[in-house]
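Let me begin by presenting the structure, written as structure tokens, before commenting on it.
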Amino acid sequence: MSKYLVLGASSGIGRAVCDQLALRGDSLVLAGRDINKLELLRSELSSSEDHISVLFDADEPESIVSVFERSTENGIKLDGMVYCIGRADVTPLRTLKISQARSMFSVNFFSFVTAVSLYAKPKYSNRGSIVGISSANSHYPQKCMSMYAASKGAMEAAVRTMAIELADKGISVNCVIPGAVNTDMFGKLSDDVKEMIAGKQLLGVSSPEDVASSIVFLLKEGARVMTGRSVYIDGGILGQ
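To convert, count from 1 in the sequence shown and add 257; that's this note's numbering.
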């Protein structure tokens, strides 16, 4: 039984990752900022007694320390980690506030970096694999999303450097680059915007399960020789 930390576990891609890992018989640390959602998820997963729920707020990178400490208190030494958290504000530059930009970078980048630095400590992990979630928006940007694109681009740049630094510790670091995914966030868009986005992806809008399958692959032995890579799962945006 492998043990994985899923940050941002309770919905969307994070939920799909948890479903797939639990079905494989893995033990999970479910982390997020709504304990009720986390506990509901835990109760619905296969072998619910093998999983624990932990609160944390990605807006405060330092709070991630408590997630790792709670894991250790429960006798859990991690074999992998997935960072499924993101904040995507749509804000024109003329109204963008620095506080808003800082918050997006805290959630999309600094909390990811903090989590990786903690995972790399031998007391918390058995080597293994780390996977972050970037966005096609950092490569095919849309107007009014400059800070979102920049923060996800920062994650990808960091992944390449982290992979070099952590290779001798037996830790691989990769990220996936989804295009549009049928999550709650996508569901809030107008029908016109949904149609426009879907038209840019040759294979249409992805499901959370599509993205989760690629993440699970990167966590497992089949991806043993992959590190420092950003893997497109964008439904074929490159074909446009």
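Glycine included, each C-beta is placed from N, C-alpha and C at the ideal position.
Asked: Alpha carbons only, please: which of THR440, SER487, LEU285, LEU262 is nearest the one belonging to ASP467?; Found: THR440
Asked: Per the DSSP calculation, ASN431 is bridged to which residue(s)?; Found: VAL388
Asked: Under a Cβ-count criterion, where at least 16 other Cβ atoms within 10 Å of its own Cβ denotes burial, should VAL373 be classed as buried or exposed?; Found: buried
Asked: Check the DSSP bridge columns for ILE338 and list the partner residues they point to.; Found: Checking the sequence, you will find Met at residue 338 rather than Ile. LEU262, ILE387, per the DSSP bridge assignment.
Asked: Could you give the first and the last residue of the continuous alpha helix (DSSP H) run that contains ILE292?; Found: 292–301
Asked: Bridge partners of LEU285, per DSSP?; Found: TYR261
Asked: How far does the beta strand (DSSP E) with LEU312 in it extend, from its first residue to its last?; Found: 309–312
Asked: Is it true that the segment 454–472 meets the segment 400–417, where meeting means three or more beta-carbon pairs spaced less than 8 Å apart?; Found: no
Asked: Is the CB of ALA420 under 9 Å away from at least one CB in chain C?; Found: Of the protein chains in this structure there is only one, and it is not chain C.
Asked: Closest by CA to ALA426, which one among VAL274, GLU413, THR484, GLN399?; Found: For clarity, residue 426 is Lys in the given sequence; the question names Ala instead. Among VAL274, GLU413, THR484, GLN399, the Cα nearest to that of LYS426 belongs to THR484.
Asked: Which residues mark the beginning and the end of the beta strand (DSSP E) in which SER487 is found?; Found: 487–490
Asked: So what does DSSP say about SER463, is it helix, strand or coil?; Found: strand
Asked: Could you check which residue in ARG351, TYR376, MET258 has the C-alpha nearest to that of MET402?; Found: ARG351
Asked: Specify the secondary structure class of VAL438 as computed by DSSP and reduced to three states.; Found: strand
Asked: Pick from VAL274, MET412, ASP449: whose alpha carbon is nearest that of ASN365?; Found: MET412
Asked: So, with DSSP's three-state summary, where would you put SER382?; Found: strand
Asked: Which same chain residues end up closer than 6 Å to ARG384 when comparing Cβ atoms and leaving out the 5 residues on each side of it in sequence?; Found: GLY427, ILE428
Asked: So, for ALA345: in the same chain, excluding its five sequence neighbours on each side, which residues have a beta-carbon less than 6 Å away from its beta-carbon?; Found: TYR405
Asked: What is the rounded straight-line gap between the Cα of PHE474 and the Cα of SER328?; Found: 23 Å
Asked: Please tell me whether, using a cut-off of 8 Å, the distance from the CB of LEU287 to the nearest non-hydrogen atom of the ligand ATP is below it.; Found: Although the ligand ATP was asked about, the structure shown includes no ligands whatsoever.
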